Amino acid sequence: MNIEQLLKSSTVQAFQALFAAEVPETSVTINLTKKEFEGDYTVVTFPLVKLSKRSPEETGRLIGDALKEKLNFISKFNVVKGFLNISFTDQFWIERLQEINTNAFTAFPKNGKKVLLEYCSPNTNKPLHIGHVRNMLLGYSTTEILKATGYDVTTVSIYNDRGIAICKSMAAYIERGNGATPQSTGIKGDHLIGDYYVLFGQIVNEQLRAKYNVSAEQDIFKTIGKEKEVAEQETEIFAKAKDLLLKWEAGDTDTIALWKKMNGWVYEGYQVTYDMMGVKFDKDYYESQTYKLGKDIIDEGLTKGVFYKRADGAVAIDLTPDGLDEKILLRSDGTSIYMTQDLGTAQVRYDEYHMDRMIYVVANEQDYHFKVLKLCLQKLGKQWADGIHHLSYSMVESPTGRFKSREGKTADADDMIAEVLRIAEEKTKELGKTDGFTEEEAQHLYRTIGLAALKYFILKVNPYQKIIFNPEESIDFHGNTGPFVQSSYVRTRSILRKHGNDSLPLDTATPLHNSERELMLLIYEYPGTVKYAADNYNPAEMANYVYNLAKVYNKFYNELPILTAETEREKNLRILLSKVTGDTIRKGMKLLGIEVPERM
RNA sequence: UGAUGUAUAGCUCAAUCGGAAGAGCGCCGGUCUACGAAGCCGGGAAUGCAGGUUCGAGUCCUGCUACGUCAACCA
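Residue numbering for the first sequence follows this note's numbering, beginning at 20 and increasing consecutively.
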């Protein structure tokens, strides 16, 4: 039963009977009653007074009387200005508790819609950084939320595994690598390749200093008066990287072998991080295999007259009518650019999956890019392009602004994870919570808690909001945090362990306390919250929800005795409330990709 | 210059078609011989500025200010 919908339609009917006037359902708003007033749900009567021609108070009273007459589970109501606060009977809520305690309550039926969701998609010349962490968390959680609401979701990642960037790492490796491997150095594969990418930059600097006779104290690029991107092209090491790129494109055996070897190390390294984060992809795409895609779409666009060939030979589309600019889609020499590939890849994916929606989890730097992508496909008359959605998110920044690579370790994903696990271990030991744990169990617990802290910290913020992360101040474990929610869950488990497995007959005539009602109302909101989070592609909705639930449970827990309740029926009710609270927290956290422990 | 996003308490964040502005951190004060104190209870503090629409605006409209991002035949 959808209570809010029922109240809404009942209000419309009552209004018609009372005032012989029709109000649209859209003008009736139902909210949860605010805490400082008595009631469960509130009907806002301000919009109705025009037609009722009575004061807000009188309108509220009349509707309240009519509703109470019609719906036998309304126990009472009060009117404050234009707010009609309605209370339901205790029996009604206890029946809802029974309803909640069934699997059907949180299960959405399959809706037959297919979703393709792309996320993570790193460049293979560097380890994952904090931005990828946010991306992975959003991508994973959104996938879980969509699945929970009935979608059939396929996740994909695309690796930017070719191009000048990886060739730079290769060039530096050839120059100074001495055959180093992850095994010989003990360095994680993606970090090893990242180190050579950094080394490439250092070699560029060395060579420029030597060439222009710039001392170590002076800033090279200021001294020689050239942009870094321009100056580096003058160096021998850059020439070698460029040469590797050409050889790669020509299919040179040795070059391809080295490229495969080094990328292989990177994937091994990424896999370790993925396993730690708990993410996985149904399908991997590689730019080396897709970068030539898109030419067909260009031809199609030219034939249809949607694209045009400029005098210089480049293919473009004029998006000025849509408030954008002229956008080049193919270089004048006929080679692809990023957009060409993305157009082609989108078509290939549609041909393969025939998905109803295609979601790209990509940072908001690329808002413009995805607007163009979607528009191009729509203008080509592809219906499925309407289902393209760019799940855009803001950057994670340090207190001084954007994380720069030279700030080094602070922005590295693996370091960040290691740090939060270390803190989890430290705090857990401080509290003496692992007595009786084996070493293996303890380690698993630290990981569960640490990852919860990290994941929740990032997911609780709306995607469009930037996150300020101060590496100097460690992620908190108190208050609005993942460990807080976990610890509330652990309490519910503790209660159930002590109680045992006895059945819990409910007496629907048990009088309810406020904190019990508050808890039931919130649990009852769970399916609506999941739906809302799915519709808005927003895991933060779920994070806020589980936090609220944990908070309300703690209040209930502190106010009322559970196992030592005065009467048997109160005890049974409260134990069942503890159980469904725990179940709901666990389900909600799962949608965030966060595990809950039995003890902590 | 244009497009786009953001601006809420000292700090970090919430606020479901416009409907009664909420948390956490920090600070102060209570609360464990224990149904688990990573908790609970109490205290003070906020919608960038100026207009407009509305019974009602943090939310919608106009203008302004500040910060971010984008506007490559880069990715």
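Note that the Cβ used here is the ideal one computed from N, Cα and C, for glycine as well.
Source: prediction; values computed, not measured.
Next on the checklist: Using C-beta distances below 6 Å, list every residue in its chain close to residue 398, excluding the 5 sequence neighbours before and after it, in chain order.
Outcome noted: 325
Rounded to whole angstroms, what's the CA-CA distance from residue 270 to residue 183? Just pull it up for me. 15 Å
Q) In whole angstroms, what separates the C-alpha of residue 438 from that of residue 148? A) 14 Å
* Can you name, in chain order, every residue of its own chain whose Cβ lies under 8 Å from the Cβ of residue 543, other than the five neighbours on each side? -> 22, 115, 119
Margin query: DSSP three-state label for residue 605, please.
Written below: helix
Quick one: Cα of residue 455 to Cα of residue 297, how far? 27 Å
Report the residue ranges of all alpha helix (DSSP H) runs contained in full by the segment 134-211; include only those spanning at least 4 residues, in chain order. 149-167, 183-195, 201-204
TODO: Mind reading off the beta-carbon distance from residue 177 to residue 203? Whole number of angstroms is fine, and I expect it under 8 Å.
DONE: 31 Å between Cβ atoms; not a contact.
- prompt: Which residue spans inside the segment 399-438 form an unbroken alpha helix (DSSP H) run of at least 4?
  reply: none
TODO: Report the three-state DSSP secondary structure of residue 467 (helix, strand or coil).
DONE: helix
State the start and end residues of the unbroken beta strand (DSSP E) segment that holds residue 48. 48-51
Original post:
Roughly how far, in whole angstroms, is the beta-carbon of residue 207 from the beta-carbon of residue 152, given that I think they are within contact range, below 8 Å?
Top reply: The pair is not a contact, with the Cβ atoms about 16 Å apart (cut-off 8 Å).
- Of all the options 308, 573, 54, which has the alpha carbon lying nearest to the alpha carbon of residue 105? 54
Between the segment 553-562 and the segment 488-497, are three or more C-beta pairs nearer than 8 Å? no
DSSP beta-bridge partners of residue 376: 134
Look at the Cβ atom of residue 431, then the Cβ atom of residue 146, and state whether they are nearer than 8 Å.
-> yes
### Message
Which residues does DSSP list as the beta-bridge partners of residue 103?
### Response
62, 98
Practice problem: Within the same chain, show all residues whose beta-carbon is closer than 6 Å to that of residue 210, passing over the 5 residues directly before and after it, in chain order. | Solution: 146
- Query: For residue 590 versus residue 581, is the C-beta distance shorter than 8 Å?
  - Reply: yes
Note to self: I need the straight-line Cα distance from residue 515 to residue 497, nearest angstrom please.
What the structure shows: 24 Å
Worksheet entry | Distance, residue 74 Cα to residue 100 Cα | 9 Å
Worksheet entry | Three-state class that DSSP yields for residue 472 in the structure shown | helix
Compute the distance between the beta-carbons of residue 558 and residue 487, then report whether it is under 8 Å. no
For this session: Put residue 544 into one of helix, strand or coil per three-state DSSP.
Result: coil
**Report entry** Inter-stretch contact at 8 Å, needing at least 3 Cβ pairs: the segment 271-285 / the segment 189-201
**Finding:** yes
Query - Straight-line Cα distance separating residue 383 from residue 314 - result: 27 Å
Classify residue 373 as buried or exposed, calling it buried when 16 or more other Cβ atoms lie within 10 Å of its own Cβ.
exposed
Through-space distance from residue 469 to residue 426, alpha-carbon basis = Caution is warranted here: a pLDDT of 49 is assigned to residue 426, below 50, making its placement in the model unreliable, and the coordinate value is therefore given only provisionally. Using only the alpha carbons, I get a separation of about 23 Å.
- Message: Please report the distance separating the alpha-carbon of residue 328 from that of residue 615.
- Response: 57 Å
Open item on the list: With a threshold of 7 Å on Cβ separation, who are the neighbours of residue 107 within its own chain once the five nearest residues in sequence on each side are excluded?
Closed with: 59, 92, 93, 94
> Got a sec? Which residues, its chain only, sit under 8 Å from residue 413 by beta carbon, not counting five neighbours each side?
Replying inline: 382, 383, 482, 483, 484, 485, 486
**Prompt:** Got a sec, what are the start and stop residues for the beta strand (DSSP E) residue 302 sits in?
**Reply:** 302-305
**Report entry** Assumed close pair residue 362, residue 396 - CB separation to whole angstroms, cut-off 8 Å
**Finding:** 7 Å
Mind listing, in chain order, the continuous alpha helix (DSSP H) runs of no fewer than 4 residues lying wholly within the segment 257-317?
-> 272-296, 306-309
Look up residue 585 in the DSSP assignment and say whether it is helix, strand or coil. coil
**Item:** Same chain only: Cβ atoms within 8 Å of residue 479, ignoring 5 sequence neighbours per side
**Value:** 499, 559, 562, 563, 566
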